[in-house]
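Novice: The sequence shown: position 179 = 179 (the UniProt record's numbering), numbered continuously.
The C-beta atom is built at its ideal place from N, Cα and C for all residues, glycine as well.
Source: prediction; values computed, not measured.
The structure follows.
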Amino acid sequence: DIIIDICCFRKHGHNESDEPRLTQPQMYQAVDAHPGTLARYGESLARRGLLTQAQQDEMTARYRDWLDSCQKREPQPLKPAIHSFSANWYGLTNPHWSAPVSTALPRQKLAAYGEIISTLPPDVVAHPTIKRQLALRQDMAAGTQPVDWGMAEMLAYASLVDAGVGVRLSGEDSGRGTFSHRHAVVHHQTEARRYLPLQHIRAGQASFDVYDSVLNEEALLAFEYGYSTSAPQQLVIWEAQFGDFANGAQVAID
């Protein structure tokens with residue numbers, strides 16, 4: 001990796017109306033006396049015999065002529081290359097939010113989901129703890145054990161991707177779940193690969209993606225919020241691992 005640390009200044013201040021000499025007079029005496037990066041580099045090139053001053057002047061004049069010619073061109077309107085906001089949100093605008101909606105599913109359907117998300121392919125070597133967790137979920141799917149929070153969450157995601165609604169989940173420990181309750185991602189114990197049961201509900205299902213993110217709550221929530229505005233047909237979730245994580249993302253919430 002290469003790190004470039006550039007220390008620089010604003011030659012004309014912060015913006016068009018700023019007069020930096022009001023508050024930094026001595027610094028801007030030095031700035032005014034500085035010939036500029038281009039002049040310094042040009043002197044170095046000429047000194048090493050790589051580019052004469054006349055050649056530099058000719059290149060500068062040619063570039064300025066090109067800039068001037070660009071300003072004189074008749075601007076051509078750009079054809080929008082992206083879907084409009086209204087097109088993405090078709091069918092979701094002006095809904096009746098208070099209208100009753102049935103979210104129930106047949107028991108047989110939930111049991112089928114439970115069987116899929118608690119069963120691993122033979123070539124996936126899971127950790128013994130995960131094996132016990134999946135065996136318990138199989139009992140939940142069969143109705144011999146009460147359904148816990150993690151199982152209910154996985155069943156909800158399964159019903160969504162089966163219905164064509166994609167799910168996108170991100171957070172610092174979202175694959176496993178902060179309190180080891182979710183296990184949406186099963187890590188192979190002898191090979192560098194993963195298995196996500198929710199990506200195998202049925203052929204042609206909607207996407208299920210889960211991301212273990214960096215510890216940067218503000219950036220994550222801001223990105224996921226922006227993603228959700230352009231993907232209204234998906235369930236986009238940012239998971240704050242603990243309450244103080246929401247504090248780190250407060251500027252995005254505001």
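Determine the extent of the alpha helix (DSSP H) in which Phe245 is found, giving its start and end residues.
Specialist: Where Phe245 is concerned, the enclosing alpha helix (DSSP H) stretches over 243-248.
Novice: Between the beta-carbon of Leu169 and the beta-carbon of Val210, is there less than 7 Å?
Specialist: Cβ distance < 7 Å, so Leu169 and Val210 count as in contact.
Novice: Can you tell me where the alpha helix (DSSP H) holding Ile237 begins and where it ends?
Specialist: Note, Ile237: premise wrong, no alpha helix (DSSP H); beta strand (DSSP E) at 234-239.
Novice: With 16 as the cutoff for other CB atoms within 10 Å, does Gly204 come out buried or exposed?
Specialist: Flag for Gly204 reads exposed.
Novice: Closest by CA to Thr190, which one among Glu218, Pro197, Pro128, Thr178?
Specialist: The candidate whose alpha carbon is nearest that of Thr190 is Pro128.
Novice: So, helix, strand or coil for Asp148, using DSSP?
Specialist: Of the three classes helix, strand and coil, the one that applies to Asp148 here is coil, per DSSP.
Novice: Return yes when the Cβ of Asp162 is within less than 7 Å of the Cβ of Ile201, no when it is not.
Specialist: Cβ atoms of Ile201 and Asp162: closer than 7 Å.
Novice: Using the three-state DSSP reduction, which class does Gly204 fall into: helix, strand or coil?
Specialist: Of the three classes helix, strand and coil, the one that applies to Gly204 here is coil, per DSSP.
Novice: Can you have a look at Tyr28 and say buried or exposed, based on whether 16 or more other CB atoms are within 10 angstroms of its CB?
Specialist: Buried.
Novice: Could you pull the DSSP bridge partners for Ser17 from this structure?
Specialist: The partner list for Ser17 (beta bridge, DSSP) is empty, contrary to what the question assumes.
Novice: So, Val186 versus Ala112, is the Cβ gap smaller than 7 Å?
Specialist: For Val186 and Ala112, no; Cβs fall outside 7 Å.
Novice: Identify which residue in Ile237, Trp238, Ser159, Ala33 has its Cα closest to the Cα of Gln108.
Specialist: Selected option, being the one with the closest Cα: Ser159.
Novice: Are three or more beta carbon pairs between the region 144-151 and the region 97-107 nearer than 8 Å?
Specialist: Result no; under three Cβ-Cβ pairs closer than 8 Å.
Novice: Here's the rule: buried if 16 or more other CB atoms are within 10 angstroms of the residue's CB, otherwise exposed. What is Arg73?
Specialist: By the neighbour-count rule (16 or more Cβ atoms within 10 Å), Arg73 is not buried but exposed.
Novice: Rounded to the nearest angstrom, what separates Asn88 and Ser230 at their Cα positions?
Specialist: Taking the straight line from one Cα to the other gives about 7 Å.
Novice: From Met59 to Ile3, what distance separates their C-alpha atoms?
Specialist: Each residue's alpha carbon lies about 30 Å from the other.
Novice: Can you tell me where the beta strand (DSSP E) holding Val167 begins and where it ends?
Specialist: Residues 166-171.
Novice: What residue ranges within the region 84-140 form continuous alpha helix (DSSP H) runs of no fewer than 4 residues, ordered along the chain?
Specialist: If we require 4 residues or more, the alpha helix (DSSP H) runs fully inside the region 84-140 come out as 85-88, 107-117.
Novice: Please list the segments of the beta strand (DSSP E) lying wholly inside the UniProt domain "Dehydrogenase E1 component" (1-73), counting only runs of 3 or more residues, in order along the chain.
Specialist: Fully enclosed beta strand (DSSP E) runs of 3 or longer: not present.
Novice: My guess is that Glu218 and Val165 are in contact by the Cβ rule of under 8 Å, so how many angstroms apart are they, rounded?
Specialist: That pair is no contact at about 27 Å.
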